[in-house]
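Numbering (our numbering), first residue to last: 9 to 330.
Written below as structure tokens is the structure these notes are about.
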């Protein structure tokens, strides 16, 4: 499929109805609105209802992305779900989403890179499309992180929320400079103990809870993200000064501000949803993307930088011409 470009043809998102504010959090954990806002910028987060699963969130976002692309389920020939909170150990949540949406073509699978999952998935989608494996691919980042939180640990439970964001990535010829321009992915397994879940089928036979050393994560996040941004521009005729919008993983307002400063980019160009949604892990980048597309900030021809870092450590970045 020489000459084919991977273009984001549609976007969609879904947030659970239940909202938990910082004031509500302070009723059951030793914290306050001022403490949370000062350290994270978060004011509220969405929490999935009992019986509402990651697959439910993913399907809702996926339907909206398919409709936004002007396609039907019969046009989708591959489904990828990025998640660290699958419905079950197996089968993949993507297979459940595929069936729930009525998609009967192609394949479906999950990827697990925690908060970097969507950016990893975008790189995979680009390569599959350019390699001729798919024409229209549904990529979803979906999480119910509330299910793996220690609600007595104020350093972690105040950070995370639930949600899903989705895009349809389509192969197009004659797209000009639109589409995915470049992606870079990295990981460093030696930093495992800084951010992880203390459980799993092979180790404890339990789901486990999120554990994090926040100060260490902050330091590595700012440095790693700045480095990967420099790398993603290599081999292009572009530079950070050409960026119209940074659409980052929404981990922490302080990380977003510090990364922008290190790149020399105004925070006015950073799409921020962390204040309303918290850290939704693999869902945060597509949720922020959908927000900025819907409110008109992102326009045709804009140069977007999508970037994220998560447990593992994993991190990555993609340049996209909208």
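For each residue, glycine too, the CB sits at the ideal point set by N, CA and C.
These numbers come from a predicted model, not from an experiment.
Residue i versus residue j - alpha carbon distance
| i | j | result |
| --- | --- | --- |
| residue 187 | residue 78 | 17 Å |
| residue 184 | residue 65 | 34 Å |
| residue 9 | residue 101 | Unreliable positioning characterises residue 9 in this predicted model, as indicated by a pLDDT of 46, which lies under 50. A coordinate reading is not provided. |
| residue 156 | residue 11 | 44 Å |
| residue 232 | residue 165 | 24 Å |
| residue 268 | residue 274 | 6 Å |
| residue 173 | residue 295 | 5 Å |
| residue 126 | residue 152 | 15 Å |
| residue 204 | residue 148 | 22 Å |
| residue 162 | residue 180 | 47 Å |
| residue 284 | residue 29 | 9 Å |
| residue 303 | residue 50 | 20 Å |
| residue 248 | residue 271 | 7 Å |
| residue 170 | residue 139 | 33 Å |
| residue 76 | residue 38 | 42 Å |
| residue 309 | residue 327 | 12 Å |
| residue 133 | residue 84 | 13 Å |
| residue 291 | residue 217 | 19 Å |
| residue 136 | residue 210 | 31 Å |
| residue 24 | residue 224 | 31 Å |
| residue 95 | residue 61 | 6 Å |
| residue 46 | residue 80 | 44 Å |
| residue 307 | residue 74 | 19 Å |
| residue 158 | residue 221 | 14 Å |
| residue 71 | residue 87 | 12 Å |
| residue 91 | residue 317 | 14 Å |
| residue 276 | residue 230 | 18 Å |
| residue 43 | residue 52 | 13 Å |
| residue 215 | residue 206 | 8 Å |
| residue 195 | residue 118 | 18 Å |
| residue 279 | residue 154 | 24 Å |
| residue 146 | residue 33 | 35 Å |
| residue 212 | residue 301 | 42 Å |
| residue 13 | residue 255 | 21 Å |
| residue 176 | residue 129 | 12 Å |
| residue 144 | residue 329 | 18 Å |
| residue 362 | residue 323 | Given a span of 9 to 330 for the chain in the structure shown, any question on residue 362 remains unanswerable. |
Bridge partner(s) assigned by DSSP for residue i
| i | result |
| --- | --- |
| residue 287 | 168 |
| residue 173 | 21 and 149 |
| residue 27 | 54 |
| residue 324 | 193 and 316 |
| residue 329 | 187 and 311 |
| residue 306 | DSSP output for residue 306 lists no bridge partner at all. |
| residue 255 | 314 |
Boundaries (first-last residue) of the beta strand (DSSP E) holding residue i
| i | result |
| --- | --- |
| residue 151 | 144-152 |
| residue 17 | 13-22 |
| residue 311 | 311-318 |
| residue 116 | 115-119 |
| residue 251 | Neither: residue 251 is in no beta strand (DSSP E) and is coded neither H nor E. |
Expected contact under 8 Å - CB spacing of residue i and residue j to nearest Å
| i | j | result |
| --- | --- | --- |
| residue 167 | residue 286 | 6 Å |
| residue 69 | residue 150 | 7 Å |
| residue 263 | residue 226 | 6 Å |
| residue 325 | residue 314 | 7 Å |
| residue 19 | residue 297 | 6 Å |
| residue 257 | residue 123 | 5 Å |
| residue 178 | residue 17 | 4 Å |
| residue 114 | residue 142 | 7 Å |
| residue 282 | residue 260 | 7 Å |
Residue span of the alpha helix (DSSP H) that contains residue i, given as start and end
| i | result |
| --- | --- |
| residue 137 | 125-138 |
| residue 333 | Residue 333 cannot be examined here, being either before or after the span of the chain that is shown, 9 to 330. |
| residue 104 | 101-109 |
| residue 274 | Here residue 274 belongs to no alpha helix (DSSP H), and DSSP marks it neither H nor E. |
| residue 302 | 292-302 |
| residue 45 | 41-48 |
| residue 65 | 62-76 |
Closer than 8 Å: residue i CB and nearest the ligand SAH heavy atom
| i | result |
| --- | --- |
| residue 144 | Absent from the structure shown: the ligand SAH. Ligands present: none. |
Within-9 Å CB hit, residue i to chain B
| i | result |
| --- | --- |
| residue 71 | You won't find chain B in this structure, because it holds only one protein chain. |
> Mind pulling the alpha helix (DSSP H) runs of 4 or more residues that sit fully within the region 176-248?
Replying inline: Scanning the region 176-248 for uninterrupted alpha helix (DSSP H) segments of 4 residues or longer gives 222-241, listed from N- to C-terminal end.
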